[in-house]
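Working notes, structure below.
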Amino acid sequence: MTGRPPGRGRPPGGDGARAAPAARRAAPGPSSRAGSPTAGCAVRARGARPVAAGCFRGGLCPPGFPGGVARLGLMGGAFNPVHLGHLRAAEEMAARYSLDSVCFMPTALPPHKGARELAPFADRLKMVELAISGRPGFCASDLERRLPGPSYTVNTLAALKGALPVGAALLFLVGFDSFQKVGLWKSWRELFTLASFAVNIRPGARRASSGSRPRLEGILKSLFGSDPVWDPDAEAFLVEGCLPVHFFEGSRLSISSTDLRSRLASGESVRYLVPDAVMDYLAGKRLYAGGPGAPASAG
Ligand code: ATP
Ligand code: MG
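Just so we're aligned: the sequence shown equals residues 245 to 543 in our numbering.
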């Protein structure tokens with residue numbers, strides 16, 4: 245593991261929110277709901293700056309969503325299905341960026357993925373809920389299902405940003421593979437004003453010394469037409485008019501949903517690649533069992 249030790253120094257990635265104590269532990273907040281799959285969401289970290297009471301504004305608060313969040317990480321993806329690579333990345337980035345909460349948000353209607361290869365939204369959300377169950381500060385959100393139209397990230401981030409308490413920091417946690425395509429996303433420039441990116445290097449990418457960081461720099465240069473400035477303290481690239489783009493190197497677990505789907509299609513075990521509860525759910529519903537790319541059962 246080459247990731248930075250948790251909680252070292254000032255938490256980067258803020259967009260005005262005061263830095264929260266790095267080594268704190270989250271504690272159940274007043275609205276914590278025992279037994280709910282999202283009970284771990286109702287969290288305010290001890291020592292966090294008090295922000296607006298209650299939850300998100302505008303009725304966008306998903307069930308169990310945290311109140312008083314000063315630093316929120318958004319982990320978006322198809323989660324088709326969720327796996328330990330997602331969870332470990334979120335765990336490490338939550339520590340690195342002193343996040344009060346990480347919100348796992350399955351895409352409802354991803355514009356780029358054919359619906360045919362996607363398990364039903366309800367199954368993907370359920371598996372995320374099972375995967376994060378018992379981990380305070382992690383939560384699952386169905387926000388993208390409740391937003392109209394295709395799941396464009398810009399709409400999601402704008403909705404979240406508008407609903408977060410004033411002064412809260414929003415970090416978009418994204419793998420390098422996804423970030424490479426950001427220039428193709430709808431209203432991509434706006435994304436950089438709505439959230440700080442934290443770009444996580446995935447297996448297959450080259451080590452920082454031999455290329456991942458320069459590649460990230462190159463992507464930013466080609467997007468914005470100017471050289472980004474490297475901030476060594478924040479370990480982030482700075483671009484005029486944008487929130488910082490952080491470079492993160494974690495454990496790089498070599499797990500992907502594509503590989504899981506193919507294992508499931510051929511009847512192979514996925515034990516120790518997904519949480520046990522997710523493995524049981526997959527088996528119980530025979531999800532992805534009908535062959536690669538086959539439609540999953542909704543029942
Ligand atoms: P698929 O193979 O179907 O594309 P995936 O494993 O890439 O699935 P996604 O749901 O597409 O999973 O990914 C959601 C987010 O998590 C993306 O930003 C992706 O880069 C990141 N991610 C996925 N797997 C890992 C991993 N093993 N380590 C770190 N980040 C990951
Ligand atoms: Mg992917």
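Yeah, the Cβ is synthetic: ideal placement off N, Cα and C, and Gly gets one too.
Quick caveat: nothing in here was measured; it's all calculated off a predicted structure.
Could you say which of the options lies nearest to residue i if we only look at CA atoms?
i    : options                   : result
F382 : R332, G393, T397 and G411 : R332
V372 : V346, R496 and F436       : V346
D503 : S431, Y341, N324 and A314 : N324
K430 : G511, A478 and T397       : T397
H327 : V418, A439, E336 and I376 : I376
What residues in its chain sit with their C-beta under 8 Å from that of residue i, if we drop five residues either side in the sequence?
i    : result
L460 : F420, F423, V443, F481, V489 and F491
A322 : P350, T351, P354, K357, L362, R368 and S501
P472 : E461, L464, K465, F481, L482, V483 and V489
Enumerate in chain order the residues of its own chain whose CB-to-CB distance from residue i is below 6 Å, with the five nearest sequence positions on each side excluded.
i    : result
R433 : none
I445 : F420, S456 and E493
M319 : A334, V346, F348 and L417
F468 : V483
R252 : Reliability fails at R252, whose pLDDT of 38 lies under 50, so the model's placement of it is uncertain and no value is given.
V426 : W432
R505 : Y532
S395 : T351, A352, L353, P354 and E388
Tell me the rounded alpha-carbon separation between residue i and residue j.
i    : j    : result
L316 : R368 : 22 Å
E493 : P447 : 10 Å
L387 : G393 : 12 Å
G455 : D520 : 36 Å
P458 : A314 : 31 Å
E335 : F436 : 23 Å
L343 : E479 : 16 Å
A384 : S470 : 37 Å
G485 : L497 : 33 Å
R530 : E512 : 12 Å
A338 : D475 : 20 Å
Could you please give the first and the last residue of the uninterrupted beta strand (DSSP E) stretch that includes residue i?
i    : result
L318 : R315 to G321
A442 : S440 to N444
S345 : S345 to P350
L482 : A480 to L482
A384 : F382 to A384
V489 : V489 to F492
Identify the continuous alpha helix (DSSP H) that holds residue i and give its terminal residues.
i    : result
H330 : L328 to R340
A375 : F365 to I376
A413 : Careful: A413 lies outside any alpha helix (DSSP H), inside the beta strand (DSSP E) at A413 to G419.
V522 : D520 to K529
D475 : Where D475 is concerned, there is no enclosing alpha helix (DSSP H), although the beta strand (DSSP E) it sits in stretches over V473 to D475.
V398 : T397 to A407
A533 : That residue, A533, is in no alpha helix (DSSP H); it is neither H nor E in DSSP.
P458 : S456 to F468
R496 : R496 -> no alpha helix (DSSP H), and no H or E assigned at all.
R389 : L387 to R390
Ordered along the chain, which non-local residues of its own chain (more than five positions away) have a Cβ less than 7 Å from that of residue i?
i    : result
A533 : L508 and A509
Y525 : K370, M371 and L374
A402 : L438
I499 : H327, L328, G329 and L517
A452 : Here A452 scores only 48 on pLDDT, less than 50, and its place in the model is too uncertain to base an answer on.
M523 : V514 and R515
L428 : none
A199 : Summary: the structure shown does not reach residue 199, with the chain confined to residues 245 through 543, and so no result is reported for it.
Can you find a CB in chain C that lies within less than 8 Å of the CB of residue i?
i    : result
F481 : Reference to chain C is not applicable here, since this structure consists of a single protein chain.
Thinking residue i and residue j are a contact (beta carbons under 8 Å), I'd like their distance in whole angstroms, please.
i    : j    : result
T400 : L391 : 7 Å
S440 : L487 : 4 Å
R389 : F365 : 6 Å
Is the beta carbon of residue i within less than 7 Å of some heavy atom of the ligand MN?
i    : result
H490 : The model on display carries the ligand ATP and the ligand MG but not the ligand MN.
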